[in-house]
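Worksheet: the structure to be examined is printed underneath.
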Amino acid sequence: MQPFTERVIGVIRGIPAGCVMTYGQVAAAAGSPRAARQVVRILHSSSAKHDLPWHRVVNKNGEIAIREEEGNYTQRLLLEEEGVTFDPAGRIDLSEHAHTPEEDMGFER
DNA sequence: GCCATGGCTAGTA
DNA sequence: GCCATGGCTAGTA
Numbered sequence: 002m003q004p005f006t007e008r009v010i011g012v013i014r015g016i017p018a019g020c021v022m023t024y025g026q027v028a029a030a031a032g033s034p035r036a037a038r039q040v041v042r043i044l045h046s047s048s049a050k051h052d053l054p055w056h057r058v059v060n061k062n063g064e065i066a067i068r069e070e071e072g073n074y075t076q077r078l079l080l081e082e083e084g085v086t087f088d089p090a091g092r093i094d095l096s097e098h099a100h101t102p103e104e105d106m107g108f109e110r
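Here's what the structure looks like:
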């Protein structure tokens, strides 16, 4: 497993229940601000194997990014169980629920 | 070549 | 709706 992948996994593990991070925020916290797409790939391919709180990562608008067949409803349910609320448009208020890592784990630049 | 982004234009109303 | 981005994996040699 490559260093960046490990860092991304570490960042995602650090998101507490009831909070979310965007793909871009995770990438930035892992030290590579433009690698949001890579975060997507990591979640897509290996979220299950690493026992990640995959449901706590959403897109820039605070929306669940996956489609119905991919588990959109499951993700919403998991978040709601943690106390995350959605507006009528299906968006999360990021100013309320966004997690900003305190230490940035030393990967910020 | 993948990918569950993100930031931008084009084009409709 | 288009396309640059980027770290990685699959698969060939």
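Residues in the first sequence are numbered consecutively from 2, following the numbering used here. The beta carbon of each residue, even a glycine, is placed where N, CA and C say it ideally should be. Bear in mind that the values here come from a model prediction, so they are computed numbers and not experimental data.
| message | Please state the DSSP three-state secondary structure of Glu-64. | response | Looking at Glu-64 - three-state DSSP - the assignment turns out to be strand.
| In three-state terms, what does DSSP make of Thr-86? | Coil.
| query | Does the distance from the C-beta atom of Ile-93 to that of Val-58 stay below 8 Å? | reply | No.
| message | If distances are taken between C-alpha atoms only, which option among Glu-97, Thr-75, His-45, Arg-42 comes closest to Gly-63? | response | Ranking Glu-97, Thr-75, His-45, Arg-42 by Cα distance to Gly-63 puts Glu-97 first.
| field | Which of helix, strand or coil DSSP assigns to Ile-156 | value | The requested residue 156 does not occur in the structure, where the chain is confined to residues 2 to 110.
| Three-way DSSP call (helix, strand, coil) for Thr-23 in this model | In the structure shown, the three-state DSSP call for Thr-23 is strand.
| query | Expressed to the nearest angstrom, what Euclidean distance is found between the alpha-carbon atoms of Leu-53 and Lys-61? | reply | Pairing Leu-53 with Lys-61, the inter-Cα distance amounts to about 20 Å.
| When the Cα atoms are used, what is the spatial distance from Val-40 to Gln-3? | When rounded, the distance between both Cα atoms is 13 Å.
| task | Just the C-alpha distance for Arg-42 and Thr-86, rounded to the nearest angstrom, thanks. | result | Roughly 26 Å separates the two Cα atoms.
| field | Rounded separation between Val-21 and Ala-99 - CA only | value | Going by the C-alpha atoms only, they are around 5 Å apart.
| query | Using a Cβ-Cβ cut-off of 7 Å (strictly less than) and excluding sequence neighbours within five positions of Thr-6, which residues of its own chain qualify? | reply | Only Ile-43 meet the Cβ criterion.
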